[in-house]
Amino acid sequence: MLTEAEFLADAVMQADAAGLVDTVPQADAAVRAAGRVLSGASAWHTERMDRDRTEHSSGTSPHTSGRAIVVMGASGSGKSTIAAALAAELGAWYIDADDLHTPAAVEQMRRGVPLTDEDRWPWLEVIGARIARETADGAHLVVACSALRRVYRDRLRSGSGADLQFVLLQVPRDVLIERVRGRSGHFMPATLIDSQLATLEPLGADEPGFTVDASCREVEVLDRIEQHLGR
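Taking my numbering, I'd label the letters of the sequence shown as residues 8 to 238.
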């Protein structure tokens, strides 16, 4: 297994070989980025090892359940991008809830027709079951899911039975529309942004999670999330 120094040196060498490191600041950025990945993965894996040792010493089963972070918000808030990057930094598995929509639901949204609660319940059940299955095996997850309403988040928590934490990405309406209009290959049209914002309910004080401004650069959003996570 690589030491931390070897890991960071290897990361800079790979960046240099790819032509990404031409200056000292760029090299420093590469080191810091690699360090973020290493420390993130280490934090979650170290926690799991500590829990295993505790259970061994108490005579209980060494098996532990994983945790899940749900990155939520309206379309265009950066859920998939941020969740995937966060999963990489934490050494966790990434799940995009958009991939779990039925073909009928995808086509409905593509036509600009908002999903109803009745449309969403089966989808939320599938997501909850997926989280339950993976975390039961000890996996840590980062899930990208709109989870717009409190009842949707409650359904995810009850359906998964897992230790969930929600991260709401807050982005102004005009930025959301600009982002959605500027992307290609996604089924969600910009015309549904207003419907999503009308449906969105902020996290309650009793809900496990926090809100971050996601209108800035990806690296800044990740830094803010990590600060909330205590890293």
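Glycine is no exception: its CB is placed at the ideal position from the N, C-alpha and C atoms.
These figures come from a predicted structure and were not determined experimentally.
Where the beta strand (DSSP E) containing Thr198 begins and where it ends: Per DSSP, Thr198 belongs to no beta strand (DSSP E) and is neither H nor E.
Looking at the structure shown, is Ala75 part of a helix, part of a strand, or coil, going by DSSP? strand
Go ahead and label Gly119 buried or exposed: buried means 16 or more other beta carbons lie within 10 angstroms of its beta carbon, across all protein chains shown. exposed
Glu225 versus Ala143 - alpha carbon distance: 30 Å
Whole-Å CB distance - Val149 paired with Ile232, under 8 Å assumed: So it is not a contact: roughly 10 Å between Cβ atoms.
If I measure Cβ to Cβ from Trp100 and keep anything under 8 Å in the same chain, skipping five residues before and after, which residues do I get? Ala94, Glu141, Ala146, His147, Leu148 and Val149
Taking the C-alpha atoms as reference points, what is the distance between Met79 and Leu163? 12 Å
Determine the extent of the alpha helix (DSSP H) in which Arg120 is found, giving its start and end residues. Per the sequence shown, residue 120 should be read as Val rather than Arg. Premise fails: Val120 is in no alpha helix (DSSP H) and is neither H nor E.
DSSP three-state assignment for Ala151, whether helix, strand or coil: strand
Tell me whether the beta-carbon of Val174 lies closer than 9 Å to the beta-carbon of Gly216. yes
Contacting residues, own chain, Cβ-Cβ under 7 Å from Arg156 (five flanking each side not counted): Thr206 and Glu208
From Ser84 to Ala221, what does the alpha carbon distance come to, in whole angstroms? 7 Å
Residue from Glu125, Leu176, Arg188 and Arg186 with nearest C-alpha to His235: Leu176
Starting from Trp100, follow its DSSP beta bridges and name the residues at the other end. Leu148
Within a Cβ cutoff of 8 Å, which residues of the same chain sit near Glu214, ignoring the five residues on either side of it in sequence? Arg157, Arg160 and Phe173
Closest by C-alpha distance to Cys152, when choosing among Ala81, Asp124, Val228 and Ala139: Ala81
What number of angstroms, rounded off, separates the C-alpha of Thr53 from the C-alpha of Leu97? Confidence at Thr53 is low in this model, with a pLDDT of 43, below 50, so its placement is unreliable and the value that follows should be read with caution. Computed Cα separation, rounded: 11 Å.
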